[in-house]
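Visitor: The following block contains the structure, expressed as structure tokens.
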Amino acid sequence: MKSKVFFVDLKVSRDCENTIQKIKRLYDAAGLDSIVNEGELTAVKLHFGERGNEGFISPVNVRQVVDKIHSSGAKAYLTDTNTLYSGYRHNAIDHLTTAIEHGFGYEVTRAPLIIADGLLGNSFRQVPIKGKHFNSVKIASELLDCQSMIVMSHFKGHGLAGFGGAIKNLAMGGGSVAGKMEQHKGLHPQIDAESCNGCATCVEVCPCDAMEINSDNTSNIDDDKCIGCGECMTVCPVEAIDFNYANIPDFMEMISEYALGTVAKRQDKIGYMNFLVRITPDCDCVPWSDTPLVPDIGILASTDPVAIDQASLDLVNKQQGFTASKLEENMEPGGDKFTGVWKNSMGDIQLSYGEELGLGSREYELIEI
1 MKSKVFFVDL
11 KVSRDCENTI
21 QKIKRLYDAA
31 GLDSIVNEGE
41 LTAVKLHFGE
51 RGNEGFISPV
61 NVRQVVDKIH
71 SSGAKAYLTD
81 TNTLYSGYRH
91 NAIDHLTTAI
101 EHGFGYEVTR
111 APLIIADGLL
121 GNSFRQVPIK
131 GKHFNSVKIA
141 SELLDCQSMI
151 VMSHFKGHGL
161 AGFGGAIKNL
171 AMGGGSVAGK
181 MEQHKGLHPQ
191 IDAESCNGCA
201 TCVEVCPCDA
211 MEINSDNTSN
221 IDDDKCIGCG
231 ECMTVCPVEA
241 IDFNYANIPD
251 FMEMISEYAL
261 GTVAKRQDKI
271 GYMNFLVRIT
281 PDCDCVPWSD
291 TPLVPDIGIL
301 ASTDPVAIDQ
311 ASLDLVNKQQ
321 GFTASKLEEN
331 MEPGGDKFTG
341 VWKNSMGDIQ
351 LSYGEELGLG
361 SREYELIEI
């Protein structure tokens, strides 16, 4: 049976209805109110955005979901996990500070902030799964302890995963720092010595001291120290660093397995909302926001993470690409926008393998409200 995915566009065509009202109507239409019960501790799983990024979901929009949770008599909290790489979300103090600076404080959202894997990312529990790569996964404790969850995801591109939506929010966003390391294993970057200018920017940002400058004034990576976070690739000013894309299929499957661990044994207590606005080529982990690839589309809601991501991908690919964006090919409606930016990505694997694991279904019915 096809999973139901509910969709509302952003056009103002119904009695001047605004986005705030549309979010509440979508929440009700998708039956997310039936997931949350009185007295429950309900996680609102978000991404607060790296400092300098502006693509994250608006705190005002998050407030509408918090209000709906409160109307069910539950207690909401906003949450995410610490990052693997250096930056302003690598520990809970910097992470909470960044979230507040981005407007996610209680005075706006009416929900407290809790970093799900603790001060340094060490608060997790092993969740048993039956996967190809893992028998158990390291999931943040404060995500496992909630009694219900609403996963709010900004749908956008990603240099490795192709795109990020609900599945990636559950996987990389649900794993502890050690869990993120497990998902990135095998993705050690490679350096093009001819392009490298020896500026040492990568050395400065590497969180594990795996980078050094050789005597020939080029960078070198110590594979024994490297954790595969990709921070060096992100900051390289001459784009001399790239990942070993031969291991991307395994990486994508590991993402799906971690997502399964986050939802294990409570899939009926989790709802999903994907925001197809400001659809940038990069994820919100980078300290900038690039020109969107396509026009803003709308918001989706479902109880199936695979179906909502599949529907989101299909809606993005139906759009005409922006010529002023990073999109280099597949501009026309029907073209794969994310491989048009990230040629080596294989985003479909998180959907196909997620379906194989029982995470959800790629078959969906899109219901416009």
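Under UniProt numbering, the residue at position 315 of the sequence shown is numbered 315, and the numbers go up by one with no gaps. Beta carbons are placed, not taken as given, at the ideal position from N, Cα and C, and that holds for glycine.
(1) Could you give the distance in angstroms between the alpha-carbon of F243 and the alpha-carbon of G162?
(2) Quick one: what does DSSP say Y245 is sitting in, helix, strand or coil?
(3) Beta-carbon within less than 7 Å of A240's beta-carbon, same chain only, minus the 5 sequence neighbours each way: which residues are those?
(4) Could you tell me which of C206, G198, I248, E204 sits nearest to D216, measuring between CA atoms?
(5) Counting C-beta neighbours from all protein chains within 10 Å, is the total for K168 16 or more, i.e. buried, or is it exposed?
(6) Taking Cβ to Cβ, would you say V316 is nearer than 8 Å to K326?
(7) Which word fits G87, buried or exposed, when buried means at least 16 other C-beta atoms lie within 10 angstroms of its C-beta?
(8) Just to check my reading of the structure: residue 403 and G157 have Cβ atoms closer than 8 Å, yes? What is that Cβ distance to the nearest angstrom?
(9) I want to know whether the region 201-219 touches the region 250-269 - three or more CB-CB distances under 8 Å.
(10) Can you tell which of M273, Y85, D290 has the C-alpha that lies nearest to the C-alpha of N61?
(11) Verify whether the separation of the beta carbon atoms of G186 and K45 is less than 8 Å.
(12) May I have a chain-ordered list of the beta strand (DSSP E) segments no shorter than 3 residues that lie completely inside the region 101-186?
(13) So, with DSSP's three-state summary, where would you put I279?
(14) Can you check which of these residues, D145, K24, E50, is closest to L41 by C-alpha distance?
(15) Starting from N61, trace the alpha helix (DSSP H) in both directions and tell me its first and last residue.
(16) Hey, how far is the Cα of S219 from the Cα of I213?
(17) Spatial neighbours of V36 within its chain, please: CB distance less than 6 Å, with the 5 preceding and 5 following residues excluded, ordered by chain position.
(18) Looking at A166: is its Cβ nearer than 8 Å to the Cβ of S176?
(19) Candidates I367, I369, E253: which alpha carbon is nearest Y353's?
(20) For the alpha helix (DSSP H) holding Q319, just list the boundary residues, first then last.
(21) Under a three-way DSSP split, which group does T98 fall into?
(22) Cutting at 8 Å between CB atoms, please list the residues of its own chain near Y245, excluding the five before and the five after it.
(23) Quick check on DSSP: helix, strand or coil for S215?
(24) Between A111, V65, E257, which has its C-alpha nearest K138's C-alpha?
(25) Counting along the chain, where does the beta strand (DSSP E) carrying residue 404 start and finish?
(26) Taking Cβ positions only, does F48 come closer than 8 Å to chain B?
(27) Mind checking whether V294 and N53 have CB atoms under 8 Å apart?
(28) Looking at the secondary structure, which residues open and close the beta strand (DSSP E) in which S3 lies?
(29) Is residue 456 helix, strand or coil when you go by DSSP?
(30) Look at I150 and G271 and say whether their C-beta atoms are less than 8 Å apart.
(31) Roughly how many whole angstroms lie between the Cα atoms of I114 and G360?
(32) With a 10 Å radius around its C-beta and 16 neighbouring C-beta atoms as the bar for buried, classify P237 as buried or exposed.
(33) Hey, G55 and T280 are a contact pair by Cβ (cut 8 Å); roughly how many whole angstroms apart?
(34) Have a look at the DSSP bridge pairing and note the partners of D80.
(35) Nearest-angstrom Cα distance between N91 and P249?
(36) With a threshold of 16 other CB atoms inside 10 Å of the CB of residue 409, please say whether the residue is buried or exposed.
Guide: Quick answer:
(1) Computed Cα separation, rounded: 13 Å.
(2) Three-state result, Y245: helix.
(3) The beta carbon of A240 sits closer than 7 Å to those of I191, D192, S195, C196, all from its chain and outside the five residues before and after it, given in chain order.
(4) Of the listed residues, the one whose Cα sits closest to D216 is G198.
(5) Buried, because 16 or more other Cβ atoms sit within 10 Å of the Cβ of K168.
(6) V316 places its beta carbon 8 Å or farther from that of K326.
(7) G87 comes out buried.
(8) Because the chain spans 1 through 369 in this model, residue 403 falls outside it and cannot be assessed.
(9) The region 201-219 vs the region 250-269: no contact.
(10) Residue M273 is the option with its Cα nearest to N61.
(11) Their beta carbons are not under 8 Å apart, which means G186 does not touch K45 by this criterion.
(12) The DSSP assignment places complete beta strand (DSSP E) segments of no fewer than 3 residues inside the region 101-186 at 113-115, 124-128, 136-140, 148-154, 156-158, 162-164, in order along the chain.
(13) DSSP places I279 in the coil class of the three-state scheme, outside both helix and strand.
(14) A check of alpha carbon separations from L41 across D145, K24, E50 identifies D145 as the nearest.
(15) Start and end: 59-71.
(16) Answer to the nearest angstrom: the Cα atoms are 4 Å apart.
(17) T42, I69, S72, A74, S148.
(18) Not a contact, by the Cβ cut-off of 8 Å.
(19) Of I367, I369, E253, the residue nearest in Cα terms is E253.
(20) Secondary structure note for Q319: it is in no alpha helix (DSSP H), with a DSSP letter that is neither H nor E.
(21) In the three-state reduction of the DSSP assignment, T98 falls in the helix class, which pools H, G and I.
(22) So the list reads N344, once near-sequence residues are dropped.
(23) In this structure, S215 counts as coil in the three-state DSSP scheme.
(24) Distances from the CA of K138 to each of A111, V65, E257 were compared; the closest alpha carbon is that of E257.
(25) Examination of residue 404 is not possible in this model, given that the chain is present from 1 through 369 alone.
(26) Although the question refers to chain B, the structure presented lacks it and comprises just one protein chain.
(27) Contact: no.
(28) For S3, the enclosing beta strand (DSSP E) begins and ends at 3-9.
(29) No statement about residue 456 is possible, as the shown extent of the chain runs from 1 to 369 and does not include it.
(30) It is a contact, given that the beta carbons lie within the stated cut-off.
(31) So the two alpha carbons sit approximately 28 Å from each other.
(32) Exposed, by the Cβ-count rule.
(33) About 5 Å; that satisfies the 8 Å criterion.
(34) Looking at the DSSP output, D80 sits in a beta bridge with I115.
(35) Looking at the two C-alpha atoms, the distance is approximately 29 Å.
(36) Summary: the structure shown does not reach residue 409, with the chain confined to residues 1 through 369, and so no result is reported for it.
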